[in-house]
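Asks: Take this structure first; my questions come after.
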Amino acid sequence: MTTFARVAFTLFLLGGAALALSQQTLGQQPERQDEFVPVSELPPTEQMPAAPLLVGAYVFVLVALFVYVLSIARRVGAVQQEVARLEGEIKARARS
Amino acid sequence: MTPRFGAAVWRIVRKDWTVEARSREIAYTTLFFAVSCLLVFAFAIVREGKAPEGAGEGVLWATLTFAGTLALGRTFERERQNETLRALLLAPVPRAAVYVGKLVGVVSLLLALELILAPLVTLLFAAPLLSRPLWLLAILTTGTLGFAAVGTLFAAMLVRARSRDALLPVLLYPVVVPVLIAGVRGTSALVAPEFDVAIARFWLALLVAFDAVFVTLALWTFELVMSD
Amino acid sequence: MPKWFTPLALLCGAMFAVSPLIIANAPYESTMGLVQKIFYYHMPSAWMFLLGAIVCGIASARYLATGDDRHDRTALSAAELTVLFGLLTLVTGPLWARRAWGTFWVWDARVTSSLVGWLVSCAYLILRKYGGPGSERLAAALALFGMANVPFIYISVNYWRTIHPPTTVVPTLQFSMGFPLMFCVAAFLLLFILLMTMHKRLEEGRRRLDALHLAFDE
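Okay, here's the thing in structure tokens:
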């Protein structure tokens, strides 16, 4: 067996052992939902305060993704410009 | 492990112990840094002259993390300054022996530190850490081994990198989070008024699993990363 | 850029533009109400965060084993995307939690594991940027350790009470909620692939630039 295979096998065994150990319940598991239950209308108490959080979350995601795409596009453009410039200079040098 | 491997490891460990015994530089600086850490924590969390419940184990492991990082940095800085790391890697010993040798050196230093720190924390933060000394020793040993296994690898990797002093904690701390959690939770299980063996055994088992996986992984990675 | 890039980019943009409408038409959840709709962006972000971490880990392992630069470029691109989608997950999560659980942050298993994993990917990028020459292999080793760590982090933090909805929620979703979720997952996945492609193009351009600089200086 290669070293990598040995390591992977050891990791697998020990990971499995650790997981098996963790199945002993330690603390109590408190209330948590196991399903989302859809409803067609909001109960009246829930209408307003959540809206800023919701809008904020979506705006944040879209703005962050947009900024990142712009950042990559800018970097790609800068590199391509630099590559074109250098290639031009090298060709000019080769000619002279 | 062949006899040559064991002999190589022992030679490296003995070299580190000899150098350290003569100058005691790393031992003293790490010890005093750890005590200063304890002071900082004391002023941060002690209220009205009393430490909060359950503070002792947290303070102990946090101090060990910081002092351990310092010790790792200093150990490899010494190797870097004297170019001995390159000499070690060029020597006709298996690479893994170099890693294990340094690891044993770091673990022994940190264990010696813990022998002094645990009673100090017991005293200053009113935490009965020494009530079950064998369990405490087991958890401290396995936790220190896990921390040092990853730390020795990262510190060796960073020896020639820029900003190595700042980068070591940045890389090390997120990866040793499980050790920290298990160490603190295991120690707090020991000081609880009713000692629950099952909980202590769970955390100890997790630490042992972590040690096994990460020493193996570090041995493999050390070969690959230090081969230039 | 490959031929399929522009049409897929347009499709992805259209999907994102349409997604708010589809999400608005999904029914409200009975106990969490309006704010649960953050789920339709939070969950795909979390999945892309995990996907990025896995891609980075595997590429790092292959890079360490073979020394091929292409794997290193893949790992770097995936790490950037892991940080990006991790940030989206860690921001939308607390915004949802503020309403659903009453507090912005809880130290439960999945949240803490995500935070620690995100910190490892940030450390990867910091190392690549400030570590100086030779930091590619060091970063690859870090990525490997980060990936190996995931089960341990999860198990150790699981000691704490966990009130995060378990993953068993997704298979039990009715179609009215399942469709918007899958639509958003498809949009995010498409975006992930497009961003990886762009980023790999960037890295290849940088390699060419370095080679050209060397040729230029002769």
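Chains as they are written, first to last, in this note's numbering: chain W, 1 to 96; chain X, 1001 to 1228; chain R, 2001 to 2218. Quick reminder that beta carbons are idealized off the backbone N, C-alpha and C, glycines included.
Which residues does DSSP pair with Pro2180 of chain R in a beta bridge?
Replies: As a first step, residue 2180 of chain R is located in the third sequence; it is residue number 180 there, counting from the start. Answer by DSSP bridge pairing: none, since Pro2180 of chain R is not bridged.
Asks: Could you give the residue range of the alpha helix (DSSP H) that holds Ser2121 of chain R?
Replies: As a working mapping, residue 2121 of chain R is identified with position 121 in the third sequence. Per DSSP, Ser2121 of chain R belongs to the alpha helix (DSSP H) from Ala2109 to Tyr2130.
Asks: Whole angstroms are fine: how far does the CA of Glu2203 of chain R sit from the CA of Val63 of chain W?
Replies: The count along the first sequence starts at 1 and reaches residue 63 of chain W at position 63. The count along the third sequence starts at 1 and reaches residue 2203 of chain R at position 203. Distance between the alpha carbons of Val63 of chain W and Glu2203 of chain R is about 24 Å.
Asks: Buried or exposed, going by whether 16 or more other CB atoms sit within 10 Å of the CB of Ser1023 of chain X?
Replies: What you label residue 1023 of chain X is simply residue 23 of the second sequence in a count that begins at 1. Its Cβ having fewer than 16 others within 10 Å, Ser1023 of chain X is exposed.
Asks: If we define contact as Cβ-Cβ less than 7 Å, is Arg74 of chain W a contact residue for chain R?
Replies: In the first sequence, counting from the first residue as 1, residue 74 of chain W sits at position 74. Output row for Arg74 of chain W: interface = no.
Asks: According to DSSP, is Arg1024 of chain X part of a helix, a strand, or is it coil?
Replies: For the purposes of this step, residue 1024 of chain X is taken as the residue at position 24 of the second sequence. In this structure, Arg1024 of chain X counts as coil in the three-state DSSP scheme.
Asks: Please classify Asp1196 of chain X as buried or exposed, where buried requires at least 16 other C-beta atoms within 10 Å of its C-beta.
Replies: Here residue 1196 of chain X refers to the residue found at position 196 of the second sequence. Asp1196 of chain X comes out exposed.
Asks: Does any CB atom of chain W fall closer than 7 Å to the CB of Gly2205 of chain R?
Replies: One-based indexing of the third sequence puts residue 2205 of chain R at position 205. Yes, Gly2205 of chain R lies at the interface with chain W (some Cβ there is under 7 Å from its Cβ).
Asks: In chain R, which residues lie less than 9 Å from Ala64 of chain W when you measure between Cβ atoms?
Replies: On the first sequence, position 64 is the one that residue 64 of chain W refers to. Those within 9 Å of Ala64 of chain W in chain R are Leu2084, Leu2087, Leu2088 and Val2091.
Asks: Would you please verify whether the beta carbon of Thr2162 of chain R is less than 7 Å from any beta carbon of chain X?
Replies: By 1-based counting over the third sequence, the position of residue 2162 of chain R is 162. Confidence is the limiting factor: at Thr2162 of chain R the pLDDT is only 40, short of 50, which leaves the residue's position unreliable, though a coordinate-based value still follows. Chain X contact via Cβ: absent.
Asks: Can you pull the chain R neighbours of Leu1217 of chain X, defined as C-beta to C-beta under 8 Å?
Replies: Position 217 of the second sequence, counted from the first residue, corresponds to residue 1217 of chain X. Residues of chain R passing the Cβ test: Leu2144, Phe2145 and Ala2148.
Asks: Three Cβ pairs or more, each shorter than 8 Å: is that satisfied between the stretch 2139 to 2150 of chain R and the stretch 1171 to 1179 of chain X?
Replies: With the cut-off at 8 Å, the stretch 2139 to 2150 of chain R and the stretch 1171 to 1179 of chain X touch.
Asks: Hey, Arg1162 of chain X and Gly2132 of chain R: beta-carbon distance below 7 Å or not?
Replies: As a first step, residue 1162 of chain X must be located in the second sequence, where it is residue number 162. As a first step, residue 2132 of chain R must be located in the third sequence, where it is residue number 132. Cβ distance < 7 Å, so Arg1162 of chain X and Gly2132 of chain R count as in contact.
Asks: Would you identify the three-state DSSP class for Met2198 of chain R, choosing helix, strand or coil?
Replies: In the third sequence, the residue the question calls residue 2198 of chain R occupies position 198. Note: Met2198 of chain R maps to helix in three-state DSSP.
Asks: With three or more beta-carbon pairs closer than 8 Å as the criterion, would you say the stretch 1202 to 1218 of chain X touches the stretch 1061 to 1079 of chain X?
Replies: No, they do not touch.
Asks: For Phe1222 of chain X versus Leu1153 of chain X, is the C-beta spacing smaller than 7 Å?
Replies: For the purposes of this step, residue 1222 of chain X is taken as residue 222 along the second sequence, with counting starting at 1. For the purposes of this step, residue 1153 of chain X is taken as residue 153 along the second sequence, with counting starting at 1. It is a contact, given that the beta carbons lie within the stated cut-off.
Asks: Just verifying my parser: in three-state terms, what is the DSSP assignment at Arg2206 of chain R?
Replies: Here residue 2206 of chain R refers to the residue found at position 206 when the third sequence is read from its first residue. In the structure shown, Arg2206 of chain R sits in a helix (DSSP, three-state: H, G or I).
Asks: Run through DSSP, which three-state label would Ala1050 of chain X get?
Replies: Against the second sequence, residue 1050 of chain X aligns to sequence position 50. Reading off the sequence, residue 1050 of chain X comes out as Lys, not Ala. Correct three-state label for Lys1050 of chain X: strand.
Asks: Please tell me whether Ser2121 of chain R and Val2083 of chain R are closer than 7 Å, where the distance is taken between their beta carbons.
Replies: Counting from 1 along the third sequence, the entry for residue 2121 of chain R is found at position 121. Counting from 1 along the third sequence, the entry for residue 2083 of chain R is found at position 83. In contact: Ser2121 of chain R and Val2083 of chain R (Cβ atoms closer than 7 Å).
Asks: When the Cα atoms are used, what is the spatial distance from Lys1050 of chain X to Leu1111 of chain X?
Replies: Here residue 1050 of chain X refers to the residue found at position 50 when the second sequence is read from its first residue. Here residue 1111 of chain X refers to the residue found at position 111 when the second sequence is read from its first residue. Taking the straight line from one Cα to the other gives about 28 Å.
Asks: Since Gly1101 of chain X and Ala1008 of chain X should fall inside the 8 Å C-beta cutoff, what is the C-beta to C-beta distance between them, to a whole number of angstroms?
Replies: Taking the first residue of the second sequence as 1, we reach residue 1101 of chain X at position 101. Taking the first residue of the second sequence as 1, we reach residue 1008 of chain X at position 8. Gly1101 of chain X to Ala1008 of chain X, Cβ: 7 Å. Contact.
Asks: Applying the criterion that 16 or more other CB atoms from any shown protein chain within 10 Å of the CB defines a buried residue, is Glu2080 of chain R buried or exposed?
Replies: Against the third sequence, residue 2080 of chain R aligns to sequence position 80. Classification of Glu2080 of chain R: buried, given that the 10 Å Cβ count is 16 or more.
Asks: Give the secondary structure of Pro1094 of chain X by DSSP, where H, G and I count as helix, E and B as strand, and everything else as coil.
Replies: To locate residue 1094 of chain X, count along the second sequence from 1; it is residue 94. Three-state result, Pro1094 of chain X: coil.
Asks: Looking at chain R, is there any beta carbon in it that lies within less than 7 Å of the beta carbon of Met1226 of chain X?
Replies: For the purposes of this step, residue 1226 of chain X is taken as the residue at position 226 of the second sequence. Chain R, which has no Cβ nearer than 7 Å to the Cβ of Met1226 of chain X, makes this no.
Asks: Closer than 8 Å, Cβ to Cβ, to anything on chain X: give me those residues from the stretch 2051 to 2071 of chain R, in chain order.
Replies: Cβ contacts with chain X: Leu2064 and Ala2065.
Asks: Check for me: the alpha helix (DSSP H) holding Phe1195 of chain X runs from which residue to which?
Replies: On the second sequence, residue 1195 of chain X is found 195 positions in, with the first residue counted as 1. Taken as a continuous stretch (DSSP letters only), Phe1195 of chain X belongs to no alpha helix (DSSP H), as it is neither H nor E.
Asks: How many whole angstroms separate the CB atoms of Ile2038 of chain R and Thr2112 of chain R, which I take to be in contact at a CB cut-off of 8 Å?
Replies: Taking the third sequence and counting its residues from 1, the one referred to as residue 2038 of chain R is at position 38. Taking the third sequence and counting its residues from 1, the one referred to as residue 2112 of chain R is at position 112. That pair is no contact at about 20 Å.
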